[in-house]
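**Student:** Would you mind keeping the following structure in view while I ask a few things?
Protein chains in written order, with our numbering: chain A, 1021 to 1359; chain B, 1102 to 1579.
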């Protein structure tokens, strides 16, 4: 009775993982921003969050000014905003609903309860005093999902697609974080070398849960170059772009050989190319030539890889508009850059 | 006695003139004694836990209202409905007989039509039926099994006799609740279940997939079975998921399937995989835009060609809706005698077919005593219950009857049996019915018990989930 995984399920499980990963990253970024990203006068620049996700247009249709309150509401509770935590978790829950024949009951129940809890939140739950606890609970719920999945999900073809989704989303999120923060955090004259400047860089690391790992590696000072190098090229840090791509590459190779699949060659070539790109230059060279263009190139590669998966495994047509396929999977959850 | 917390469950429970499933059943003694040891508060606490579990598990059905889709849990009553072994033996035999007669009827209708030649039933009732499918004419099915999954709705009258209220021979739903209700009871009331000796229900998925393999096209060693669902927005999606899991088969939607050379394939990550049997939870008219409704987005273009070529089995077969028509129902006792030369084991409820002038006249004359039902509707919609109706409702019913008599049947009101049911913080009698599920491949097997639906509104006779009904765990004793 065992047969190859339904193409639609592969698509759906890939996006389930991406949606949860996205929610977790967003919670991390908002949390750290709230806590640590203050300049010497104690001000925060909440606009940078909106820029991070290229959401300026949609955000300013709803809000006149990027106040803390408005940005938090937009990214946590606003179900109409496709890049909010609520939307990511709702999409993950819808993915899980479609995948119920495939995933474990525990995976479904955890996501169902998680979504119902988020959906019941109201504006006053975003009061300054409780924010840290809220973000922690979201982060933990996402990590619980990962743990429940690790412990209960049957290891067949779908497991590979799940993990590939998680790593490609994580790589993407890390590049976004670095892209926007790097420019924002380039030191202004008055702040150079000051305690405030250092706290910005450590906040960036904390967003990616990399502060302590970084400290172990670099006992001397935190410099922009080192932080960027760590997040992009480190081979051991679980959220670095290089590690995510290595994992992805290994998963794809194993999936293809274990199940003798015909598809996936184009994605494998694309990931090889991207890994070569990462290995080709030192972080100093990358920064010298321009970090933004470099990150842009990585992101375009990531999109290309996803598109290869869509065509080879998920049953999409090469030139087809995304709208013609399964409802909540790709198109409504894809970041603006993929649409 | 005013302190509610010390009241035990059945204190103050008075079923009145109705037949009570709990008090009138001597074999339920043990269950009754154990319930008596529980306080209402304890029962309420466990019921509340069970409800929140249902919500967390997402065991829901979807109700559509003003274009809004709302996920609701089917209300679950924790006091079980107990059926004695002897009573069950009768029900089981009656259901098997009924399914056999329905399958014979369909085989005959789609082949020689002897039934019509012998004048057992008016030809236009079958041939003019909206669910009659001419394309099935001459199609041979393994074991003549048209209705592989059948739900037979039974009620119990004031004397305690079971009667058939209607047959569901298309895509009967509700079996997932039978099994989930049992699991819920096992978790919430282990102390109530221990040593009672209850027939298990959790091999339903296994029996179903076994029957699906039996009806596969000949010569296929390991048939690939799938469940075809309309998708996540269907009100019964939870059940589709449940059954696919219990059967260990893929749950597919129309666009996952494709027809090539009159064979069915599903799209996988490694290309197309051949499909041999489809348990479809989609009505005939949506299955294939080429053969039926051209606007259906849910089906598979060309599926009927593959079906007629004998390259795929469908469960239930196409065109079974003729058999569960409410007007055809009236002829079932005669149909049973005609094909099986047996008396019906389970009687019908007396039925007046309003297309017949005498029956129409009788119905109009006794409108305030009768239940009038449209023949085409399911889900308890459009029913007028004479004794409960207002003058305006009766007049409205009369107008509709006169405008289109053949769309209606009428039946006497049955004094349905009741079962003790937790309502708020009290236990009160509520009317129940029973839907056993029969699976037919080579032979027919009946799941012990079935879905006991309970009308939660006081005095209400309508048990449908879409009309405020709930369900109970049904214990068939060994």
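The beta carbon of each residue, even a glycine, is placed where N, CA and C say it ideally should be.
Helix or strand or just coil, what does DSSP make of residue 1539 (chain B)?
**Tutor:** Residue 1539 (chain B) falls in the strand class under three-state DSSP.
**Student:** Are any of the Cβ atoms in chain A nearer than 9 Å to that of residue 1370 (chain B)?
**Tutor:** Closer than 9 Å to some Cβ of chain A, the Cβ of residue 1370 (chain B) qualifies, so yes.
**Student:** Beta-carbon separation of residue 1242 (chain B) and residue 1227 (chain B) under 9 Å?
**Tutor:** No.
**Student:** Hey, is the segment 1319-1332 of chain B in contact with the segment 1365-1381 of chain B, meaning 3+ C-beta pairs nearer than 8 Å?
**Tutor:** Output reads yes: the segment 1365-1381 of chain B touches the segment 1319-1332 of chain B.
**Student:** Report the three-state DSSP secondary structure of residue 1547 (chain B) (helix, strand or coil).
**Tutor:** Strand at residue 1547 (chain B).
**Student:** For the segment 1158-1182 of chain A, list every residue whose C-beta sits within 7 Å of some C-beta in chain B, in sequence order.
**Tutor:** Answer in chain order: 1177.
**Student:** Looking at the secondary structure, which residues open and close the beta strand (DSSP E) in which residue 1610 (chain B) lies?
**Tutor:** With chain B represented from 1102 up to 1579, any question about residue 1610 (chain B) goes unanswered, as that position is not in the structure.
**Student:** Is the beta carbon of residue 1182 (chain B) less than 9 Å from the beta carbon of residue 1575 (chain B)?
**Tutor:** Cβ distance < 9 Å, so residue 1182 (chain B) and residue 1575 (chain B) count as in contact.
**Student:** Between which residues of its own chain and residue 1460 (chain B) is the CB-CB distance below 7 Å, once the five residues before and five after are set aside?
**Tutor:** Counting only Cβ-Cβ distances below 7 Å, and skipping sequence neighbours, we find 1453 and 1454.
**Student:** I'd like to know if residue 1357 (chain A) contacts chain B, where contact means its C-beta is closer than 9 Å to some C-beta of that chain.
**Tutor:** Its pLDDT being 32, under 50, residue 1357 (chain A) is placed unreliably by the model, and the measurement read from it follows with that caveat. Cβ-Cβ to chain B under 9 Å: no for residue 1357 (chain A).
**Student:** Hey, which unbroken runs of the beta strand (DSSP E) at 3 residues or more fall wholly within the segment 1467-1500 of chain B?
**Tutor:** Counting only runs of 3 or more, we get 1471-1475.
**Student:** Secondary structure at residue 1080 (chain A), three-state DSSP: helix, strand or coil?
**Tutor:** Note: residue 1080 (chain A) maps to helix in three-state DSSP.
**Student:** Please classify residue 1413 (chain B): is it buried, with 16 or more other beta-carbons within 10 angstroms of its beta-carbon, or exposed?
**Tutor:** By the neighbour-count rule (16 or more Cβ atoms within 10 Å), residue 1413 (chain B) is buried.
**Student:** Can you list the residues of chain B that residue 1036 (chain A) reaches, using a CB-CB cut of under 8 Å?
**Tutor:** Within 8 Å Cβ-Cβ: nothing; residue 1036 (chain A) doesn't reach chain B, min ~14 Å.
**Student:** Quick one: list the residues of chain A neighbouring residue 1159 (chain B), beta-carbon separation under 7 Å, in chain order.
**Tutor:** Here the neighbours are 1128 and 1132.
**Student:** If distances are taken between C-alpha atoms only, which option among B:1116, B:1108 and B:1128 comes closest to residue 1579 (chain B)?
**Tutor:** The candidate whose alpha carbon is nearest that of residue 1579 (chain B) is B:1128.
**Student:** At 4 residues or longer, and completely inside the segment 1158-1214 of chain B: list those alpha helix (DSSP H) runs for me, N to C.
**Tutor:** The qualifying runs are 1186-1210.
**Student:** Would you tell me roughly how many angstroms separate the C-alpha atoms of residue 1544 (chain B) and residue 1343 (chain B), rounded to the nearest one?
**Tutor:** Cα to Cα, residue 1544 (chain B) sits roughly 24 Å from residue 1343 (chain B).
**Student:** At a Cβ cut of 9 Å, what residues of the segment 1412-1435 of chain B count as close to chain A, listed as they run along the chain?
**Tutor:** Listed by position, the residues of the segment 1412-1435 of chain B near chain A (Cβ gap below 9 Å) amount to none.
**Student:** Kindly list, in the order they appear in chain A, the residues whose Cβ is closer than 9 Å to that of residue 1580 (chain B).
**Tutor:** This structure does not reach residue 1580 (chain B), given that chain B is present from 1102 up to 1579, and the question cannot be answered.
**Student:** Against residue 1283 (chain A), what residues of chain B qualify as contacts under a CB-to-CB distance less than 9 Å, listed in chain order?
**Tutor:** Neighbours of residue 1283 (chain A) on chain B, chain order: 1370, 1371 and 1372.
**Student:** Closer than 7 Å, Cβ to Cβ, to anything on chain B: give me those residues from the segment 1316-1335 of chain A, in chain order.
**Tutor:** Cβ contacts with chain B: 1333 and 1335.
**Student:** Between the beta-carbon of residue 1351 (chain B) and the beta-carbon of residue 1029 (chain A), is there less than 9 Å?
**Tutor:** Yes, the Cβ-Cβ distance between residue 1351 (chain B) and residue 1029 (chain A) is below 9 Å.
**Student:** Distance check for residue 1137 (chain A) and residue 1232 (chain A), CA to CA, integer angstroms please.
**Tutor:** Each residue's Cα considered, the two are about 31 Å apart.
**Student:** Just to make sure I have the definition right: I need the residues of chain A whose C-beta is within less than 8 Å of the C-beta of residue 1289 (chain B). Which are they?
**Tutor:** Near residue 1289 (chain B) there are no residues of chain A at all, since even the closest Cβ is about 17 Å away, more than 8 Å.
**Student:** Given that a residue counts as buried once 16 or more other Cβ atoms are within 10 Å of its Cβ, and exposed if not, what is residue 1307 (chain B)?
**Tutor:** Residue 1307 (chain B) comes out exposed.
**Student:** Report the start-end ranges of each alpha helix (DSSP H) in the segment 1217-1300 of chain B that is 4 residues or longer and not cut off at the edges.
**Tutor:** The qualifying runs are 1224-1228, 1276-1289 and 1291-1294.
**Student:** For residue 1346 (chain A), which residues of its own chain have a beta-carbon under 6 Å away from its beta-carbon, when the five flanking residues on both sides are left out?
**Tutor:** Because residue 1346 (chain A) sits at a pLDDT of 35, beneath the cut-off of 50, its placement in the model cannot be relied upon, and the following sentence gives the value as read from the coordinates. Within the same chain, residue 1346 (chain A) has close Cβ partners 1028.
**Student:** State the start and end residues of the unbroken alpha helix (DSSP H) segment that holds residue 1130 (chain B).
**Tutor:** Its alpha helix (DSSP H) spans residues 1130-1138.
**Student:** Taking the straight line between their C-alpha atoms, what separation do you get for residue 1187 (chain A) and residue 1055 (chain A)?
**Tutor:** When rounded, the distance between both Cα atoms is 27 Å.
**Student:** Using a Cβ cut-off of 9 Å (strictly closer), state whether residue 1279 (chain A) contacts chain B.
**Tutor:** Closer than 9 Å: yes.
**Student:** How would you call residue 1305 (chain A), buried or exposed, if buried means at least 16 neighbouring beta carbons within 10 angstroms?
**Tutor:** The residue in question, residue 1305 (chain A), is exposed, as its Cβ has fewer than 16 Cβ neighbours within 10 Å.
**Student:** Give the range of the beta strand (DSSP E) segment to which residue 1512 (chain B) is assigned.
**Tutor:** That run of the beta strand (DSSP E) goes 1509-1513.
**Student:** Where does residue 1127 (chain B) fall in DSSP's three states?
**Tutor:** In the structure shown, residue 1127 (chain B) sits in a helix (DSSP, three-state: H, G or I).
**Student:** From A:1332, A:1254 and A:1222, pick the residue whose C-alpha is nearest to that of residue 1241 (chain A); which is it?
**Tutor:** It is A:1222 whose Cα lies nearest to the Cα of residue 1241 (chain A).
**Student:** Can you find a CB in chain A that lies within less than 9 Å of the CB of residue 1338 (chain B)?
**Tutor:** Taking Cβ atoms only, chain A reaches closer than 9 Å to residue 1338 (chain B), which makes this a yes.
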